[in-house]
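**Student:** Residue numbers (the numbering used here), protein chains in the order written: chain A, 1 to 183; chain B, 1 to 183. Structure below; questions to follow.
2 protein chains.
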Amino acid sequence: MNFCSSCGQRVALQIPDGDNRHRYVCGACSIIHYQNPKMVVGAIPEWGSKILLCRRAIEPRHGKWTLPAGFMENGESTAEAAARETLEEANARVEMGPIFSVISVPHVDQVHIFYRARLLDLNFSPGTESLEVELFEEQDIPWREVAFRTVTTTLERYFHDRGQGTFQCHTDAILPVRPTGKV
Amino acid sequence: MNFCSSCGQRVALQIPDGDNRHRYVCGACSIIHYQNPKMVVGAIPEWGSKILLCRRAIEPRHGKWTLPAGFMENGESTAEAAARETLEEANARVEMGPIFSVISVPHVDQVHIFYRARLLDLNFSPGTESLEVELFEEQDIPWREVAFRTVTTTLERYFHDRGQGTFQCHTDAILPVRPTGKV
């Protein structure tokens with residue numbers, strides 16, 4: 001951020017009165033431009049014992065597999081965002097269930113939220129951001145080809161919980177440790 | 001938003017190629033400025049059968065009671081945000097438990113997330129944004145003086161679940177219907 005989005009003058013990084021963090025503050029109109037984490041919201045679409053995954057047609061992680069998910073938009077709820085992303089990426093209609101995972105990714109200022117969801121029919125197909133959309137049994141999940149660590153963690157916990165016969169809501173944070181740089 | 005925060009030139013509302021929503025796009029450098037919901041994260045601090053509430057020293061809802069909560073910052077996890085806000089608003093130390101509620105407020109582009117949390121000691125006191133901090137039994141909750149509907153909903157579900165002897169993770173959305181304009 002270099003300029004004030006309100007008045008167009010230069011901003012500077014400073015700690016406002018009564019605050020304890022650096023913010024971008026406009027030198028002309030004094031507006032403080034707060035920056036906050038973004039939510040990525042998606043679904044775990046279930047069809048019997050199978051789970052729907054999408055193979056990404058876009059960067060990052062082009063060609064890798066993921067659960068349908070994307071940035072939440074203004075004016076919608078988290079459940080609406082999860083349903084919209086599932087429709088956009090997989091042309092798939094789901095009945096939304098409970099929240100299954102809330103995973104923070106502090107080093108990229110994101111929080112990823114996944115709902116369990118019941119796939120309503122088999123008329124799914126790749127959306128513009130997907131190369132393929134496919135149902136997988138647990139033993140067929142392409143673990144080494146999963147796009148994001150939040151998705152790997154969500155799937156691991158999902159199958160663990162399913163094995164136990166009871167689903168929790170999981171909250172976790174992912175740290176920037178992997179040399180591959182995977183989110 | 002009137003100006004590009006990157007180059008300082010005028011932005012215009014338009015639907016970018018491959019998108020289906022209006023975004024602020026810079027006429028000079030072509031950057032698309034996405035706007036996304038913000039997270040408000042907090043805790044339900046428990047001390048035996050009592051719950052800690054804060055009376056707000058700031059607007060909006062000055063003088064009303066709330067659970068400790070505030071805007072999540074970049075670089076932290078949701079659990080860290082909940083602990084930080086509890087410390088800032090109530091000078092209270094907690095051990096974070098599971099996520100209890102995820103409540104969208106689409107008309108103000110926010111998602112409110114509350115964790116159950118165990119208060120570690122009774123050395124709490126009002127932070128700079130609080131007038132009072134107090135422990136309440138269920139029958140003493142000042143329901144008509146609660147600051148936000150997401151807090152009312154969270155507390156209602158909390159005591160309901162506690163009465164049932166089992167806690168769920170609740171996800172919900174709050175609609176802009178109340179004439180009082182309460183969030």
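The beta carbon of each residue, even a glycine, is placed where N, CA and C say it ideally should be.
Where does A/D9 sit, in a helix, a strand or coil, going by DSSP?
**Tutor:** The sequence shown places Gln at residue 9 of chain A, not Asp. If DSSP states are grouped into helix, strand and coil, A/Q9 belongs with coil.
**Student:** Where does A/R116 sit, in a helix, a strand or coil, going by DSSP?
**Tutor:** Strand.
**Student:** Checking 9 Å against the spacing of the C-beta atoms, do A/I113 and A/M39 come in under that value?
**Tutor:** Taking 9 Å as the Cβ cut-off, A/I113 and A/M39 qualify as a contacting pair.
**Student:** Comparing the C-beta of B/S5 with each C-beta of chain A, is any distance below 9 Å?
**Tutor:** Taking Cβ atoms only, chain A reaches closer than 9 Å to B/S5, which makes this a yes.
**Student:** If you follow the beta strand (DSSP E) that B/T154 is part of, which residue opens it and which one closes it?
**Tutor:** Segment R149 to Q164 is the alpha helix (DSSP H) holding B/T154; no beta strand (DSSP E) there.
**Student:** Which ranges does the alpha helix (DSSP H) cover as unbroken runs of at least 4 residues, wholly within the segment 78-152 of chain A, from first to last along the chain?
**Tutor:** For the segment 78-152 of chain A, whole alpha helix (DSSP H) runs of length 4 or above, ordered along the chain, are 78-90.
**Student:** Where do the ends of the beta strand (DSSP E) carrying A/C54 lie?
**Tutor:** Unbroken beta strand (DSSP E) run through A/C54: K50 to R56.
**Student:** Determine, for A/R157, whether the minimum Cβ-Cβ distance to residues of chain B falls below 9 Å.
**Tutor:** So, not an interface residue.
**Student:** Can you give me, in chain order, the residues of the segment 106-117 of chain B that have a beta carbon less than 9 Å from any beta carbon in chain A?
**Tutor:** Under the 9 Å Cβ criterion, the segment 106-117 of chain B contributes P106, H107, D109, V111, I113 and Y115.
**Student:** Quick one: what does DSSP say A/P1 is sitting in, helix, strand or coil?
**Tutor:** According to the sequence as given, residue 1 of chain A is Met; it is not Pro. Residue state, collapsed to three classes: coil.
**Student:** State buried or exposed for B/I58, treating a residue as buried only when at least 16 other CB atoms are found within 10 Å of its CB.
**Tutor:** B/I58 comes out exposed.
**Student:** Can A/Y115 and A/A79 be called in contact, C-beta distance under 9 Å?
**Tutor:** Yes, they are a contact pair.
**Student:** For a contact defined as C-beta to C-beta under 8 Å, what are the partners of A/R21 on chain C?
**Tutor:** The structure shown contains no chain C; the protein chains it does contain are A and B.
**Student:** Please go through the same chain and pick out, in chain order, the residues whose beta-carbon is closer than 6 Å to the beta-carbon of A/V151, but skip the five residues on each side of it.
**Tutor:** Excluding residues within five positions, the ones whose Cβ falls inside 6 Å are T66 and L67.
**Student:** From the beta carbon of A/P60, is the nearest beta carbon of chain B less than 9 Å away?
**Tutor:** With 9 Å as the cut-off, A/P60 does not count as an interface residue toward chain B.
**Student:** Closest by CA to A/N123, which one among A/R157, A/R55, A/L87 and A/G42?
**Tutor:** With distances taken between Cα atoms, A/N123 lies closest to A/L87.
**Student:** Return yes when the Cβ of B/E138 is within less than 9 Å of the Cβ of B/F159, no when it is not.
**Tutor:** Going by C-beta atoms, B/F159 is nearer than 9 Å to B/E138.
**Student:** Taking 9 Å as the CB-CB limit, is B/T86 close to chain A?
**Tutor:** Judged by the 9 Å Cβ criterion, B/T86 is not in contact with chain A.
**Student:** Using the beta-carbon count (16 or more within 10 Å), is B/I15 buried or exposed?
**Tutor:** That one is exposed.
**Student:** Looking only at DSSP bridge pairs, what is A/H33 linked to?
**Tutor:** In the DSSP output, where bridge partners are listed per residue, A/H33 has A/Y24.
**Student:** Within the present structure, is the beta-carbon of A/Q14 separated from the nearest heavy atom of the ligand ADP by less than 8 Å?
**Tutor:** Although the ligand ADP was asked about, the structure shown includes no ligands whatsoever.
**Student:** Could you compute how far the alpha carbon of A/V111 sits from the alpha carbon of A/N74?
**Tutor:** Their Cα atoms are separated by approximately 15 Å.
**Student:** Whole-angstrom Cβ separation of B/V94 and B/R118, contact assumed at under 8 Å?
**Tutor:** 6 Å between Cβ atoms; contact.
**Student:** Is it the case that the Cβ atoms of B/S5 and A/V25 are separated by a distance below 9 Å?
**Tutor:** No, the Cβ-Cβ distance between B/S5 and A/V25 is not below 9 Å.
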